[in-house]
Amino acid sequence: MDLELRLSDPEVVNDIKLYSRMHKEYKDLIPVVEAVDEYELILANIASSTNMLRETDQEMRDMAYDELGVLKEQKEAIEEKLKWLLIPRDPDDTKDVIMEIRSGTGGDEASIFAGDLYKMYTRFMDSKGWKYEIDSISEGAVGGYNKIVLEIFGDDVYGTLKFESGAHRVQRVPKTESQGRVHTSAATVVILPKLEMEDVNIRKEDLRVDTFRSSGAGGQHVNKTESGVRFTHLPTGIVSESTDTRSQIKNREIALQRLYNKVNDAQREAHHNAAAAHRKSLVGTGDRSDKIRTYNYPQNRVTDHRINLTLYNLDRIVLGALDEVIDALKYAENTERLKEMTSEQV
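Using our numbering, the first residue of the sequence shown is number 1, and each one after it goes up by one.
In structure tokens form, the structure reads like this:
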């Protein structure tokens, strides 16, 4: 593979970002290459067994006939596998992410639920071997979080977590409820791919950066330095800022990531606007207003409303066992993409 050779090129090895990006691309291609190799071997074996049917020895012909039956089943299975492997992936799937969890309607219980979602996701991340760093925390009055922002690093992070964007709803008896009534509260999750400048059509000279003093809670929390950072993309007028942390360096990074995503979204929308009117993904838009999932504690039930999936293992899911839900969402997305590919070919 040309990509494999390039990974040993000193110019690539010495460029950490380039090497990391190419290594991820290489890892993504390995399953496809292995499946193609397996498919070619099966075809060669079918050809060999077909030739054996011409043998004069009846026992050899019987053996070839039996082998052909097995090989044709293997051929159908690998063709099905290749069909799914060759579905075009979202180019952002391999990227790391910025995750924001924010309490929604429901007062203190919403903050507690936001904290529960954070625990669920970090347990899931641990099971995947991913790393994560907390950028900012705003704690709730009785526990949990009003808002928490973290960065997540690992393999295929965005491709796995992108379906989590939206409104998550919980139905349970809150700790603060004295009469045992079930309440409904909500929290929102936002998943953004971590983009680099080369991923988006942005030139440094097209950016204006301003710093400003962040507003604080008063007293010792008043920000006496200009830690707030605002970026303006001059060609489009798109503005992004961050006051999430007390560090100007960290706020600069967060604001820049937000700008990358805003400009990237605008560029994609302009490029795909005509086709977008004809496409509707089963997994929703990822908008905050979407009610994507309900966690019903009395019934030990989780329902993902985008694909009508209902599971009665909430107790395991909140401990980080999210694979069954995420795999179902990936399957739904790929099924939709496969339908689009088939309709385009007709």
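The beta-carbon is built from N, C-alpha and C at its ideal position, and this holds for glycine as well.
Cα-Cα separation between residue i and residue j, rounded to whole angstroms
i: Gln-74; j: Leu-7; result: 33 Å
i: Asp-210; j: Leu-195; result: 21 Å
i: Lys-128; j: Glu-333; result: 21 Å
i: Leu-207; j: Leu-314; result: 46 Å
i: Gln-299; j: Tyr-312; result: 7 Å
i: Asp-265; j: Val-149; result: 21 Å
i: Lys-119; j: Val-318; result: 8 Å
i: Asp-37; j: Ala-44; result: 11 Å
i: Ser-49; j: Leu-71; result: 9 Å
i: Ala-328; j: Arg-61; result: 44 Å
i: His-183; j: Gln-171; result: 6 Å
i: Lys-162; j: Asn-51; result: 50 Å
i: Asp-2; j: Lys-95; result: 22 Å
i: Gln-248; j: Ile-254; result: 10 Å
i: Val-302; j: Arg-213; result: 43 Å
i: Thr-188; j: Asp-304; result: 14 Å
i: Ser-136; j: Ile-152; result: 13 Å
Closest Cα partner of residue i within the set the options
i: Lys-175; options: Asp-62, Leu-259, Gly-107; result: Gly-107
i: Met-99; options: Lys-131, Ala-110, Ala-141; result: Lys-131
i: Leu-85; options: Glu-38, Met-63, Thr-56, Val-32; result: Val-32
i: Lys-147; options: Phe-153, Leu-192, Phe-163, Leu-117; result: Leu-117
i: Lys-204; options: Thr-184, Phe-231, Phe-212; result: Phe-231
i: Asp-66; options: Ala-77, Glu-76, Ile-46, Ile-78; result: Ile-46
i: Gly-159; options: Ile-134, Asp-199, Asp-93, Val-190; result: Asp-93
i: Leu-192; options: Thr-294, Ala-110, Tyr-260; result: Tyr-260
i: Val-229; options: Lys-250, Ile-238, Thr-236, Gly-237; result: Lys-250
Residue interval of the alpha helix (DSSP H) (run including residue i)
i: Ile-112; result: 108-128
i: Leu-71; result: 58-85
i: Gly-159; result: 157-161
i: Glu-38; result: 16-52
i: Asp-377; result: No information on residue 377 is available, as it lies outside the stretch 1 to 346 that the chain covers here.
i: Leu-311; result: No alpha helix (DSSP H) contains Leu-311, which is instead part of the beta strand (DSSP E) from 309-311.
Bridge partners - residue i, DSSP secondary structure assignment
i: Met-99; result: Leu-150, Ile-191
i: Val-170; result: Ser-185, Tyr-295
i: Arg-337; result: Arg-337 pairs with nothing; no bridge assigned.
i: Glu-226; result: Glu-226 pairs with nothing; no bridge assigned.
i: Val-263; result: According to DSSP, which records beta bridges pairwise, Val-263 is partnered with nothing at all.
i: Arg-301; result: Asn-296
Element boundaries [beta strand (DSSP E), containing residue i]
i: Ile-134; result: 131-139
i: Ile-317; result: First-last for Ile-317: 314-317, but that is the alpha helix (DSSP H), not the beta strand (DSSP E).
i: Ile-238; result: 238-242
i: Asp-353; result: Nothing can be reported for residue 353, as the shown portion of the chain is limited to 1 through 346.
Measuring CB atoms only, is the stretch 113-123 touching the stretch 316-324, in the sense that at least three cross pairs come out at less than 8 Å? yes
Are there three or more Cβ pairs, one per stretch, closer than 8 Å when the stretch 9-20 is compared with the stretch 62-82? no
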